[in-house]
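Participant: Would you mind keeping the following structure in view while I ask a few things?
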Amino acid sequence: MTHLLSLSDYRRRRRRVYFDRSELTLLLALYSERVARGEWRDYAIDHGVGAAVFSVFRHTLDRPVFTVAKAPGRGGPMEYTLLSGRERLGCCGSLPDLLALFDRYPHAVPTD
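Residue numbers (this note's numbering): 695 to 806.
Right, here's the structure in full:
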């Protein structure tokens, strides 16, 4: 007798993570403010199993200047992390608190 096993029962179940409308509004407001100053020029949004990522670039072909990641925390609620390259600049339980960290870092002055 053949016994069928479902592979999904054995895989770790993780759900896809997305930014909601209010989070995107906050992220894009900060992005547009920095574009107007001439600091940032491009962005990318990635979402997948376990994390959603918003990255900003100074030039289109460069690596991200900053990355905001949204992922489930260890206790269950979402956790937001600010990265610059591989350096972790901060971690907060709410996106507005995390975006306030951008005020701590110096702004680039456009040379054009």
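Beta carbons: idealized from backbone N, C-alpha and C, even for Gly.
Which value, in whole angstroms, describes the spacing of the CA atoms of Leu724 and Ala794?
Facilitator: In the sequence shown, the residue the question calls residue 724 occupies position 30. In the sequence shown, the residue the question calls residue 794 occupies position 100. Roughly 10 Å between the two C-alpha positions.
Participant: Mind checking who Asp740 pairs with in its DSSP beta bridge?
Facilitator: Your numbering for residue 740 matches position 46 in the sequence shown. DSSP output for Asp740 lists Val747 as bridge partner(s).
Participant: Can you find the residues in the same chain that come closer than 8 Å, C-beta to C-beta, to Asp736, ignoring five residues on each side of it along the sequence?
Facilitator: Taking the first residue of the sequence shown as position 1, residue 736 is located at position 42. Counting only Cβ-Cβ distances below 8 Å, and skipping sequence neighbours, we find Val750, Phe751, His753, Thr754.
Participant: Helix, strand or coil for Glu758? Go by DSSP, reduced to three states.
Facilitator: Translated into positions along the sequence shown, residue 758 becomes position 64. The amino acid at residue 758 is misidentified as Glu; the sequence shows Pro. In the structure shown, Pro758 sits in coil (DSSP, three-state: anything other than H, G, I, E or B).
Participant: How about Phe760 and Ser778: are their beta carbons less than 7 Å apart?
Facilitator: For the purposes of this step, residue 760 is taken as the residue at position 66 of the sequence shown. For the purposes of this step, residue 778 is taken as the residue at position 84 of the sequence shown. Against a cut-off of 7 Å, the Cβ pair of Ser778 and Phe760 comes out as a contact.
Participant: Over what stretch of residues does the beta strand (DSSP E) that includes Tyr774 continue unbroken?
Facilitator: Counted from its first residue, the sequence shown places residue 774 at position 80. Where Tyr774 is concerned, the enclosing beta strand (DSSP E) stretches over 772-778.
Participant: Excluding five sequence neighbours on each side, which residues of the same chain lie with their C-beta closer than 8 Å to the C-beta of Glu717?
Facilitator: Stepping through the sequence shown from its first residue, residue 717 is reached at position 23. These residues qualify, in order along the chain: Lys764, Leu789.
Participant: Counting C-beta neighbours from all protein chains within 10 Å, is the total for Pro758 16 or more, i.e. buried, or is it exposed?
Facilitator: Here residue 758 refers to the residue found at position 64 when the sequence shown is read from its first residue. It is buried - the Cβ of Pro758 has at least 16 other Cβ atoms within 10 Å.
Participant: Could you give the first and the last residue of the continuous beta strand (DSSP E) run that contains Glu781?
Facilitator: Here residue 781 corresponds to residue number 87 of the sequence shown, with the count starting at 1. It spans 781-786 - the beta strand (DSSP E) in which Glu781 sits, taken as one unbroken run.
Participant: To which residues of the same chain is Phe713 closer than 8 Å at the C-beta, ignoring the five residues directly before and after it?
Facilitator: Your numbering for residue 713 matches position 19 in the sequence shown. Leu721, Ile739, His741, Ala746, Phe748, Lys764, listed in sequence order.
Participant: Helix, strand or coil, according to DSSP, for Arg710 in the structure here?
Facilitator: Along the sequence shown, one-based indexing puts residue 710 at 16. It is a strand residue.
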